[in-house]
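Below is one structure, written out as structure tokens; comments come after it.
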Amino acid sequence: MADFDPIRELDRFASTLLGQRSGMRLMPIDLFREGDHYIVHADLPGIDPGSVDIDVDGQLLTIRAERTVRGREGVTWIAREREGGTFLRQLTLGQGIDTEHITATYSNGVLAVTIPVSERARPRRIPVATDHGADTKVVGQTKTGDVPEDLGERHEVQGGTEMKQ
Numbered sequence: 083m084a085d086f087d088p089i090r091e092l093d094r095f096a097s098t099l100l101g102q103r104s105g106m107r108l109m110p111i112d113l114f115r116e117g118d119h120y121i122v123h124a125d126l127p128g129i130d131p132g133s134v135d136i137d138v139d140g141q142l143l144t145i146r147a148e149r150t151v152r153g154r155e156g157v158t159w160i161a162r163e164r165e166g167g168t169f170l171r172q173l174t175l176g177q178g179i180d181t182e183h184i185t186a187t188y189s190n191g192v193l194a195v196t197i198p199v200s201e202r203a204r205p206r207r208i209p210v211a212t213d214h215g216a217d218t219k220v221v222g223q224t225k226t227g228d229v230p231e232d233l234g235e236r237h238e239v240q241g242g243t244e245m246k247q
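Add 82 to a position in the sequence shown, counting from 1, and you land on the number used in the working numbering.
Structure, rendered in structure tokens:
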């Protein structure tokens, strides 16, 4: 027999009291940046890929999926934690996202949504020139997005950039 987990049982009890079992369910996600793309991995085991709906409205990305539970007649349930229902997750996309080229794949119960950074928002090198009479000479390059140490570090956060001192 499995060990009793009071935290899990309390969470289950609170969810029942608050009515979350009959409404939308939250899907756990991982969100990370890899090169010029943000990637969302959403756990959706047992979901029919045809029930997954992903849409972008302005800067709001919505992922919705449906799990239907097939009832079994004549069985006595000992545990039934894999409930059916609608799973929903919404992410606010910051400026500089290429919403026209978002893609998604579903494999082994994990939905992967790839969100590209727009070309305009990608870091690029800007030549630094000096003007010596008629000649212009490039003396170095700087990369946009670089921040001098005395201004702090840049950290990406949902919906924008936070400067950390």
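Backbone N, C-alpha and C define an ideal beta-carbon position, used for all residues, glycine too.
These numbers come from a predicted model, not from an experiment.
Assign residue i to one of three DSSP states: helix, strand, or coil.
| i | result |
| --- | --- |
| ARG202 | helix |
| GLY132 | helix |
| GLU116 | strand |
| GLU182 | helix |
| PRO209 | strand |
| LEU175 | coil |
| THR151 | For the record, residue 151 in the displayed sequence is Val; it is not Thr. Three-state result, VAL151: coil. |
| ILE160 | coil |
| GLY191 | coil |
| LEU108 | strand |
| LEU170 | strand |
| THR224 | Interpretation of THR224 is limited by its pLDDT of 49, a score under 50 that renders its predicted location unreliable; the figure taken from the coordinates is listed afterwards. Strand at THR224. |
| ILE126 | Rather than Ile, the amino acid found at residue 126 in this sequence is Leu. Residue state, collapsed to three classes: coil. |
Give every residue of the same chain whose Cβ lies closer than 8 Å to the Cβ of residue i, excluding the five residues on either side of it in the sequence, and list them in chain order.
| i | result |
| --- | --- |
| SER200 | GLY178, ILE179, ASP180 |
Express the C-alpha separation of residue j and residue i in angstroms, rounding to a whole number.
| i | j | result |
| --- | --- | --- |
| TYR188 | PRO131 | 7 Å |
| GLN141 | HIS183 | 14 Å |
| ALA186 | ASP213 | 49 Å |
| ARG162 | MET109 | 18 Å |
| ARG103 | GLU165 | With a pLDDT of only 45 at ARG103, under the threshold of 50, the placement of this residue in the model should not be trusted; the figure read from the coordinates follows. One C-alpha to the other measures close to 8 Å. |
| VAL122 | ARG152 | 29 Å |
| VAL195 | PRO205 | 22 Å |
| VAL210 | ARG202 | 20 Å |
| THR158 | THR150 | 19 Å |
| PHE65 | ILE160 | This structure cannot speak to residue 65, because the chain is shown only from 83 to 247. |
| GLU116 | ARG154 | 44 Å |
Starting from the C-beta of residue i, find all residues in its chain whose C-beta is less than 6 Å away, skip the five residues before and the five after it, and write them out in chain order.
| i | result |
| --- | --- |
| LEU193 | ALA124, LEU126 |
| VAL138 | THR181 |
| GLU148 | SER133, THR168 |
| LEU175 | GLN141, LEU143 |
Identify which residue in the options has its Cα closest to the Cα of residue i.
| i | options | result |
| --- | --- | --- |
| LEU173 | GLU148, THR144, ALA186 | THR144 |
| ILE129 | LEU113, THR185, GLY191, GLU116 | GLY191 |
| ASP135 | THR168, PRO110, VAL157 | THR168 |
| HIS119 | ILE197, GLU155, TRP159 | ILE197 |
In its own chain, which residues sit with a C-beta less than 7 Å from the C-beta of residue i, not counting the 5 before and 5 after it?
| i | result |
| --- | --- |
| GLY156 | none |
| ILE111 | VAL122, HIS123, ALA124, ARG171 |
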